[in-house]
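Down below is the structure, laid out as structure tokens.
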Amino acid sequence: MIYIFISLFLAAIILFIIILRSKGTGENKIEKAVTTTKEKKKKPCPICGSLLESHEKVISHEYRGESSSVVHVFGCPHCYGNSAHLERICPLCKKIMLPDNYLMGMMTRGEKKIQLKIKGCVICAGK
Ligand SMILES: [Zn+2]
Ligand SMILES: [Zn+2]
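Residues are numbered in the working numbering as their position in the sequence shown, beginning at 1, plus a constant of 15.
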């Protein structure tokens, strides 16, 4: 009688572990899927590198030319303006950019895509 009880007890434990494991992996899969789709939507700021939410925009000025435009990128709300709190670093020369410094880029408009090529900050792109 004791043996039957022990084997039943063991079976219950094994079943409990299987249920826990299947639950755990299922939850992990869902979590991973959610974070990857979120990361895809977020675009990094070229100056401070913070991932931007859809309502956070990079402040830039576009000087339109015939086939391409010159773009001056000032930064996102995290690194430019009144609420700036992050260090501004040029992605090309890796030097700290002053608040009045900006990135210079070239924007070309293709039939389907708009391409922005960052040339550098005022100091390194101007050389
Ligand atoms: Zn930024
Ligand atoms: Zn630079």
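Ideal placement from N, C-alpha and C gives every residue a C-beta, glycine not left out.
The beta carbon of residue 93 sits closer than 6 Å to the beta carbons of 63, 65, 101 from its chain, once the five residues preceding and following it are set aside; these are given in chain order. Inclusion of residue 138 and residue 110 in the CB contact set at 8 Å is warranted, their separation being smaller than that value. In the structure shown, residue 62 adopts coil according to DSSP, grouped into three states. The beta-bridge partner set that DSSP reports for residue 86 consists of 77, 120. Under the DSSP assignment, residue 139 falls in the alpha helix (DSSP H) whose first and last residues are 137 to 140. Assigned with DSSP and collapsed to three states, residue 56 falls in helix. Rounded to whole angstroms, the separation of the alpha carbons of residue 67 and residue 56 is 9 Å. Taking 7 Å as the cut-off, the C-beta of residue 107 counts as close to a heavy atom of ligand 2.
Measuring C-alpha to C-alpha distances from residue 89 to each of 98, 76, 140, 81 identifies 76 as the nearest.
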